[in-house]
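J.: If you're matching positions, the sequence shown starts at 71 in my numbering and goes up one per residue.
Below is the structure I would like to discuss, written out as structure tokens.
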Amino acid sequence: MRLCEKCGFDANRDTARFCARCGQLLGSSDLPAESSGHVQVSQDTTRMSKQSPPPVQAAPWSDWDDRALLSAGATVRERYRVAQVLGKGGMGAVYLVEDLALYGKQWALKELLEHFSNQAERKEAIEQFQREVQMLVSLNHPNLPEVVNAFESGGRHYLVMEYVEGQTLQELLEATPDRRLPEEQALGWCAQICDVLNYLHSHDPPVIFRDLKPANVMITPQGQVKLIDFGVARLFDPAKGTDTLKMGTIGYAPPEQYSGQGQTTPRSDVYALGATLYDLLTGDSPEGHPFVFTPIRQLNRQISARTARAVSKAVELDPGDRFPSVDAMKAALLEQKRRRTLPMLLITLPLLALLAVGGWLLWQNGPWGKSEPTPTSPALAVAQATPSPTRPPTSTPAPTLTPTPEPPSQSPTPTTSPTPSPTPEKSPTPSATPQREDSLSPTPTPANVSQPATPSPLPPPPPGDTGRIFYTIEAGNAYYLASTDPDWSQGQIIGPIDYAHSTCGGRATAQTLEGETINLHYGSRCGIAHPKDCPSPNGEYKVNLWKVNEADYSVTLHQMSDETQTQSIYTGKLNEQEPLLWSPNSTFFYFTIRDTLHRASLYSTGYEPVIPIAHEPYLSPDGSMILYKQPVGSVGAYDLWVVNGDGSNPRNVTNAAETYKICARWGW
Numbered sequence: 071m072r073l074c075e076k077c078g079f080d081a082n083r084d085t086a087r088f089c090a091r092c093g094q095l096l097g098s099s100d101l102p103a104e105s106s107g108h109v110q111v112s113q114d115t116t117r118m119s120k121q122s123p124p125p126v127q128a129a130p131w132s133d134w135d136d137r138a139l140l141s142a143g144a145t146v147r148e149r150y151r152v153a154q155v156l157g158k159g160g161m162g163a164v165y166l167v168e169d170l171a172l173y174g175k176q177w178a179l180k181e182l183l184e185h186f187s188n189q190a191e192r193k194e195a196i197e198q199f200q201r202e203v204q205m206l207v208s209l210n211h212p213n214l215p216e217v218v219n220a221f222e223s224g225g226r227h228y229l230v231m232e233y234v235e236g237q238t239l240q241e242l243l244e245a246t247p248d249r250r251l252p253e254e255q256a257l258g259w260c261a262q263i264c265d266v267l268n269y270l271h272s273h274d275p276p277v278i279f280r281d282l283k284p285a286n287v288m289i290t291p292q293g294q295v296k297l298i299d300f301g302v303a304r305l306f307d308p309a310k311g312t313d314t315l316k317m318g319t320i321g322y323a324p325p326e327q328y329s330g331q332g333q334t335t336p337r338s339d340v341y342a343l344g345a346t347l348y349d350l351l352t353g354d355s356p357e358g359h360p361f362v363f364t365p366i367r368q369l370n371r372q373i374s375a376r377t378a379r380a381v382s383k384a385v386e387l388d389p390g391d392r393f394p395s396v397d398a399m400k401a402a403l404l405e406q407k408r409r410r411t412l413p414m415l416l417i418t419l420p421l422l423a424l425l426a427v428g429g430w431l432l433w434q435n436g437p438w439g440k441s442e443p444t445p446t447s448p449a450l451a452v453a454q455a456t457p458s459p460t461r462p463p464t465s466t467p468a469p470t471l472t473p474t475p476e477p478p479s480q481s482p483t484p485t486t487s488p489t490p491s492p493t494p495e496k497s498p499t500p501s502a503t504p505q506r507e508d509s510l511s512p513t514p515t516p517a518n519v520s521q522p523a524t525p526s527p528l529p530p531p532p533p534g535d536t537g538r539i540f541y542t543i544e545a546g547n548a549y550y551l552a553s554t555d556p557d558w559s560q561g562q563i564i565g566p567i568d569y570a571h572s573t574c575g576g577r578a579t580a581q582t583l584e585g586e587t588i589n590l591h592y593g594s595r596c597g598i599a600h601p602k603d604c605p606s607p608n609g610e611y612k613v614n615l616w617k618v619n620e621a622d623y624s625v626t627l628h629q630m631s632d633e634t635q636t637q638s639i640y641t642g643k644l645n646e647q648e649p650l651l652w653s654p655n656s657t658f659f660y661f662t663i664r665d666t667l668h669r670a671s672l673y674s675t676g677y678e679p680v681i682p683i684a685h686e687p688y689l690s691p692d693g694s695m696i697l698y699k700q701p702v703g704s705v706g707a708y709d710l711w712v713v714n715g716d717g718s719n720p721r722n723v724t725n726a727a728e729t730y731k732i733c734a735r736w737g738w
């Protein structure tokens, strides 16, 4: 246990950085110079409070001369004409401008203003601005604005970005009568924020945003989140002991961001996200009382207990007590929704046991038929009613797969001349080591789960067969292997499984706790990177990926034998989160621009859109179909879909949006 020299409390954990009683930084009898202030325990809160917190901040705009701003009609570099001032803060201003070279297209122009007391201060501000530019041009995510240009003109520095229409969360809050947002709406936007923060934290090197707050989250008219203002963001460097810039927004920034006791990490953004969500749900801005968070349900009784607990964990003073990642926080928040809407089997234990045995016998008596399961089929009601000798008991019953309404399918409009649909091919022989390059972060498997029995693989599908679809269902602390078919509209549960041997385990097979083994098919896929060669399955061609600048890729097709370029396919931004896919017969390859999957052919020029909003796409073993995940219904819900290789006939093959499905793969 660690002793607090300030209050004498001696029951702090050995790993604690802050005193659990008074909030004092442990190991120091005095607070650092930049964070001095009295620390006290609030009687009506569960958080420690600090008066007069000291983050370093730029001079308020009221102290500056607005005459330094560009006026409407002014032109920068004889190209960008100012329409209006969009915002001002920190050391810069943002304008809405019209691009005279692109027929008046609107952009957001960020300007570094010359308000410095000395040359050293100016030099530091310019270097920080340039770091922001370098950071932004290396990023590519749907929830981030695009950067299109950066330059110096007249001694001033400018950054040209995508103009995002909409309102900030701050503006939306101020527009509501009680300054609160509905929980469902707030969690939906929070899920998008988690996604973009996870992208930043997974970047190489990781990007720590450091200034998350309602004013820095833009919501478009379509409900899409855009994270704005990277002015104080930084690249995480494990070799550094502390941050050089101790900046942030009072109330939203965690204590380590300006305490001088280490550098900010992804857990610092977790804290800011928790403070932001607290503000959205309660209307109680933490700016007025940093480090004090009154229990949410005392301020808003409509908020679920689980959401309140998740926010409380996110804003812990000690980073080690927070969620380890934004993904973990997202899972905790959305689990509340899944628990609230996921249909559960509320029947007696003897009946559960009977159903479990019946479902197991049905599976054992395979091979599986092509007939679609019915809602009353025992395979749909498999539950672990009694403890398994290879798995600790769980109180979480298996989910039922309740159909949900199917949304209208989306038919993309080709941007180039269409190419013919691929001819179904023979199934390739499965590789012992699959090419897996997805970025799913695995959930830890309980240490006391025994290894499954020796695998007993099933035979591969007949030539020309598309194979079956297998996926993992997460239900509380339990996992289940499930299956569906391109001809079905609903899935069926096979049986319980541990995470390491599920479809998420990155193995050539998935294996249930009862020993049933499924061969998984990953196909030929390559991660998007620079530079990158992605060879075709037959070894005769390769797709070359090359960054022509900080933001754009060149996609070209070459012969493997002599490196001859046969086609220049595309130049522009690529979605680096989704892989490049080759069809098994080496005729087509697929890549993702934004959230739309596109297809190119060896035998025709150009490329065409296949399906929008296609996440985690996988080609079937014969190449005739694409399996993908698509948002359905309420926020955080997904279903599995298949579509023909040319984008025709998209269809939902699970229709159970509220069942939490992960890691869908082809297999047999």
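From the three backbone atoms N, C-alpha and C, an ideal C-beta is built for every residue, glycine too.
Computed from a predicted model, the values in this text were never measured in an experiment.
From this set, Ser718, Asp665, Gln189 and Met630, which residue's C-alpha is nearest proline 701's C-alpha?
T.: Here the question's residue 701 lines up with position 631 in the sequence shown. The candidate whose alpha carbon is nearest that of proline 701 is Asp665.
J.: Any idea if valine 618 is buried or exposed, counting beta-carbon neighbours within 10 angstroms, 16 or more meaning buried?
T.: Residue numbering aside, residue 618 sits at position 548 when the sequence shown is read from its first letter. So valine 618 counts as exposed.
J.: Does DSSP put phenylalanine 221 in a helix, in a strand, or in coil?
T.: As a position in the sequence shown, residue 221 is number 151, starting the count at 1. In the structure shown, phenylalanine 221 sits in a strand (DSSP, three-state: E or B).
J.: Indicate the three-state DSSP secondary structure (helix, strand or coil) for lysine 283 in the structure shown.
T.: On the sequence shown, position 213 is the one that residue 283 refers to. Reduced to three states, the DSSP call for lysine 283 is coil.
J.: Buried or exposed: arginine 371, going by 16 or more other Cβ atoms within 10 Å of its Cβ?
T.: Along the sequence shown, one-based indexing puts residue 371 at 301. Classification of arginine 371: exposed, given that the 10 Å Cβ count is below 16.
J.: Can you tell me which residues form a DSSP beta bridge with tyrosine 269?
T.: Translated into the one-based positions of the sequence shown, residue 269 becomes position 199. None; tyrosine 269 has no bridge partner.
J.: Got a sec, what are the start and stop residues for the alpha helix (DSSP H) tyrosine 341 sits in?
T.: Sequence index remark: in the sequence shown, residue 341 carries index 271 (1-based). Here the alpha helix (DSSP H) through tyrosine 341 covers 336 to 352.
J.: To which residues does DSSP link aspartate 709 through a beta bridge?
T.: By 1-based counting over the sequence shown, the position of residue 709 is 639. Aspartate 709 is bridged to Gln700.
J.: Enumerate in chain order the residues of its own chain whose CB-to-CB distance from valine 234 is below 6 Å, with the five nearest sequence positions on each side excluded.
T.: Locating residue 234 in the sequence shown gives position 164, where the first residue counts as 1. So the qualifying residues of the chain are Pro215, Met288 and Lys296.
J.: Alpha carbon to alpha carbon, what distance is there between glutamate 254 and alanine 142?
T.: In the sequence shown, counting from the first residue as 1, residue 142 sits at position 72. In the sequence shown, counting from the first residue as 1, residue 254 sits at position 184. Whole-angstrom Cα-Cα distance: 40 Å.
J.: With DSSP as the reference, please indicate the residues paired to threonine 662 in a beta bridge.
T.: Walking along the sequence shown from the start, residue 662 turns up at place 592. In the DSSP output, where bridge partners are listed per residue, threonine 662 has Leu667.
J.: Can you give the Cα-Cα distance for asparagine 722 and proline 682, rounded to whole angstroms?
T.: Within the sequence shown, residue 722 is the residue found at index 652, counting from 1. Within the sequence shown, residue 682 is the residue found at index 612, counting from 1. One C-alpha to the other measures close to 14 Å.
J.: I need the straight-line Cα distance from arginine 201 to glutamate 586, nearest angstrom please.
T.: Locating residue 201 in the sequence shown gives position 131, where the first residue counts as 1. Locating residue 586 in the sequence shown gives position 516, where the first residue counts as 1. Spanning the two alpha carbons is a distance of roughly 53 Å.
J.: Is the beta carbon of glutamate 184 closer than 8 Å to that of arginine 226?
T.: Counted from its first residue, the sequence shown places residue 226 at position 156. Counted from its first residue, the sequence shown places residue 184 at position 114. Yes, they are a contact pair.
J.: What does the alpha-carbon distance come out to for the pair proline 566 and glutamine 176?
T.: Here residue 566 refers to the residue found at position 496 when the sequence shown is read from its first residue. Here residue 176 refers to the residue found at position 106 when the sequence shown is read from its first residue. Near 54 Å, if we compare the C-alpha coordinates of glutamine 176 and proline 566.
J.: Among Phe279, Gly561 and Pro556, which residue has its Cα nearest to the Cα of tyrosine 550?
T.: Numbered from 1 along the sequence shown, position 480 holds the residue referred to as residue 550. When each option's Cα is compared against that of tyrosine 550, the closest is Gly561.
J.: List the whole-angstrom C-beta distance separating phenylalanine 300 from methionine 231, where the pair is believed to meet the contact cut-off of C-beta under 8 Å.
T.: Here residue 300 refers to the residue found at position 230 of the sequence shown. Here residue 231 refers to the residue found at position 161 of the sequence shown. In fact, because the Cβ distance is near 10 Å, the residues do not count as touching under 8 Å.
J.: Using the C-alpha atoms, what's the distance from alanine 384 back to arginine 192?
T.: Here residue 192 refers to the residue found at position 122 of the sequence shown. Here residue 384 refers to the residue found at position 314 of the sequence shown. Arginine 192 and alanine 384: Cα-Cα distance of roughly 36 Å.
J.: Taking all protein chains shown into account, do 16 or more other C-beta atoms lie within 10 angstroms of the C-beta of histidine 61, making it buried, or fewer, making it exposed?
T.: One cannot answer for residue 61 here, as it falls past the ends of the chain, which runs 71 to 738.
J.: Could you give the DSSP three-state label for alanine 517: helix, strand or coil?
T.: The sequence position of residue 517 within the sequence shown is 447, counting from 1. Reliability fails at alanine 517, whose pLDDT of 36 lies under 50, so the model's placement of it is uncertain and the value that follows must be treated cautiously. Looking at alanine 517 - three-state DSSP - the assignment turns out to be coil, as it is neither helix nor strand.
J.: By how many angstroms is the C-alpha of valine 362 removed from the C-alpha of glutamine 368?
T.: One-based indexing of the sequence shown puts residue 368 at position 298. One-based indexing of the sequence shown puts residue 362 at position 292. Approximately 13 Å, taken between the alpha carbons.
J.: Which ranges would you report for the alpha helix (DSSP H) in the stretch 152 to 237 if only whole runs of at least 4 residues count?
T.: 189 to 207, all fully within the stretch 152 to 237.
J.: So cysteine 604 and leucine 650 are supposed to be a Cβ contact under 8 Å. How far apart are they, rounded?
T.: In the sequence shown, residue 604 corresponds to position 534, counting from 1. In the sequence shown, residue 650 corresponds to position 580, counting from 1. Contact flag correct, Cβ pair sits at about 5 Å.
J.: Here's the rule: buried if 16 or more other CB atoms are within 10 angstroms of the residue's CB, otherwise exposed. What is glycine 358?
T.: By one-based count along the sequence shown, residue 358 stands at place 288. So glycine 358 ends up on the exposed side.
J.: Alpha carbon to alpha carbon, how far is valine 217 from valine 277? Give it in angstroms, no decimals.
T.: The residue you call residue 277 lines up with position 207 of the sequence shown. The residue you call residue 217 lines up with position 147 of the sequence shown. When rounded, the distance between both Cα atoms is 16 Å.
J.: From Leu387, Thr319 and Ser374, pick the residue whose C-alpha is nearest to that of glutamate 326; which is it?
T.: In the sequence shown, the residue the question calls residue 326 occupies position 256. Of the listed residues, the one whose Cα sits closest to glutamate 326 is Leu387.
J.: From alanine 256 to leucine 350, what distance separates their C-alpha atoms?
T.: Against the sequence shown, residue 256 aligns to sequence position 186. Against the sequence shown, residue 350 aligns to sequence position 280. If I take the Cα positions, the gap works out to 7 Å.
J.: Smallest Cα separation from threonine 536: which of Glu646, Gly693 and Ile263?
T.: The sequence position of residue 536 within the sequence shown is 466, counting from 1. Ranking the options by Cα distance to threonine 536, first place goes to Gly693.
J.: By DSSP, does threonine 636 sit in helix, in strand, or in coil?
T.: By one-based count along the sequence shown, residue 636 stands at place 566. If DSSP states are grouped into helix, strand and coil, threonine 636 belongs with the strands.
J.: For cysteine 733, tell me which candidate among Tyr660, His591, Ala621 and Glu633 has the shortest Cα-Cα distance.
T.: Indexing the sequence shown from 1 puts residue 733 at position 663. Measuring from the Cα of cysteine 733, the nearest candidate turns out to be His591.
J.: Counting only C-beta atoms, is tyrosine 228 closer than 8 Å to chain B at any point?
T.: The structure shown contains no chain B; it is built from a single protein chain.
J.: Taking serine 382 as part of the alpha helix (DSSP H), name the residues at either end of that continuous run.
T.: Position 312 of the sequence shown, counted from the first residue, corresponds to residue 382. Unbroken alpha helix (DSSP H) run through serine 382: 375 to 384.
J.: What number of angstroms, rounded off, separates the C-alpha of lysine 699 from the C-alpha of threonine 319?
T.: To locate residue 699, count along the sequence shown from 1; it is residue 629. To locate residue 319, count along the sequence shown from 1; it is residue 249. Roughly 37 Å separates the two Cα atoms.
J.: Return yes when the Cβ of proline 654 is within less than 8 Å of the Cβ of proline 691, no when it is not.
T.: For this step, residue 691 is matched to residue 621 along the sequence shown. For this step, residue 654 is matched to residue 584 along the sequence shown. Closer than 8 Å, so yes.
J.: Considering only DSSP beta bridges, list what tyrosine 328 is partnered with.
T.: Numbered from 1 along the sequence shown, position 258 holds the residue referred to as residue 328. According to DSSP, which records beta bridges pairwise, tyrosine 328 is partnered with nothing at all.
J.: Which residues bound the beta strand (DSSP E) around glutamate 544?
T.: As a position in the sequence shown, residue 544 is number 474, starting the count at 1. First-last of the beta strand (DSSP E) with glutamate 544: 538 to 545.
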